[in-house]
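S.K.: Protein chains in written order, with this note's numbering: chain E, 1 to 112; chain D, 1001 to 1117. Glycine included, each C-beta is placed from N, C-alpha and C at the ideal position. Input: one structure, supplied below.
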């Protein structure tokens, strides 16, 4: 079992839908959580990061972390075709480590 | 500001040939990384360099070598290419140790698509 599990999809939704993307992990040492977005034929770019359990909101995006359940989510409200991309979760252990463990990525398609 | 620049963007090799992927960053970052991305496998770390002068193996180092030429540049060499090394390679950089001041964000290049026949 990989340390970080992420459903690869693809996830296909209509424009305007609420999207939920998720990762589960097994190692309780992970303390910091990020979501990267990767458009086709491009490198990943940081979308959101959070250090603690709970919710963090940025515009249409909400990152949610539940450390007790080892479960992280990214919600996208009012999804747009421009949100079509692959979304990767990245988890960092504490203690100053700068090497993240990535999920496999979920491919999202938002159709008009 | 170019960020992270990788060359070449595309390359086709025959089995047994060698080549070097070049990476340079202009953000004065301490740490640099090489990943490969394959369908269904996500990003896998090949090698990383915490700071100038140091390199360490990642998850899938076999068949590769790296050189941290200076603070800006980090190259990846395939000495004898194999079809299993057909992949998209990404170079990334970050400020370095995750001290709470730095977010630990990785900045990626646009990728180098390598095909080994």
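Name the DSSP bridge partner or partners of residue 1013 of chain D?
M.R.: According to DSSP, which records beta bridges pairwise, residue 1013 of chain D is partnered with D:1116.
S.K.: Check whether the Cβ of residue 1041 of chain D lies closer than 8 Å to any Cβ atom in chain E.
M.R.: At least one chain E Cβ lies under 8 Å of residue 1041 of chain D.
S.K.: Check residue 93 of chain E in the structure and name its three-state DSSP category.
M.R.: In this structure, residue 93 of chain E counts as strand in the three-state DSSP scheme.
S.K.: Could you compute how far the alpha carbon of residue 102 of chain E sits from the alpha carbon of residue 41 of chain E?
M.R.: Their backbone Cα atoms lie some 18 Å apart in a straight line.
S.K.: Thinking C-alpha only, which one of D:1103, D:1112, D:1074, D:1052 is nearest residue 1086 of chain D?
M.R.: Checked all of D:1103, D:1112, D:1074, D:1052; the closest Cα to residue 1086 of chain D is D:1112.
S.K.: Helix, strand or coil for residue 1026 of chain D per DSSP?
M.R.: In the structure shown, residue 1026 of chain D sits in coil (DSSP, three-state: anything other than H, G, I, E or B).
S.K.: Please confirm whether residue 104 of chain E has its beta-carbon closer than 8 Å to some beta-carbon of chain D.
M.R.: So yes, residue 104 of chain E belongs to the interface.
S.K.: Name the residue from D:1077, D:1071, D:1092 whose alpha carbon lies nearest to the alpha carbon of residue 1065 of chain D.
M.R.: Nearest C-alpha to residue 1065 of chain D: D:1077.
S.K.: Could you give the distance in angstroms between the alpha-carbon of residue 1035 of chain D and the alpha-carbon of residue 18 of chain E?
M.R.: Whole-angstrom Cα-Cα distance: 31 Å.
S.K.: If the cut is a Cβ gap below 9 Å, which residues of chain E does residue 1048 of chain D touch?
M.R.: Chain E residues near residue 1048 of chain D: 98, 99.
S.K.: Per DSSP, what are the beta-bridge partners of residue 5 of chain E in this structure?
M.R.: Note: residue 5 of chain E sits in a beta bridge opposite E:24.
S.K.: State the Cα-Cα distance for the pair residue 39 of chain E and residue 51 of chain E, rounded to the nearest angstrom.
M.R.: Going from the Cα of residue 39 of chain E to the Cα of residue 51 of chain E covers about 25 Å.
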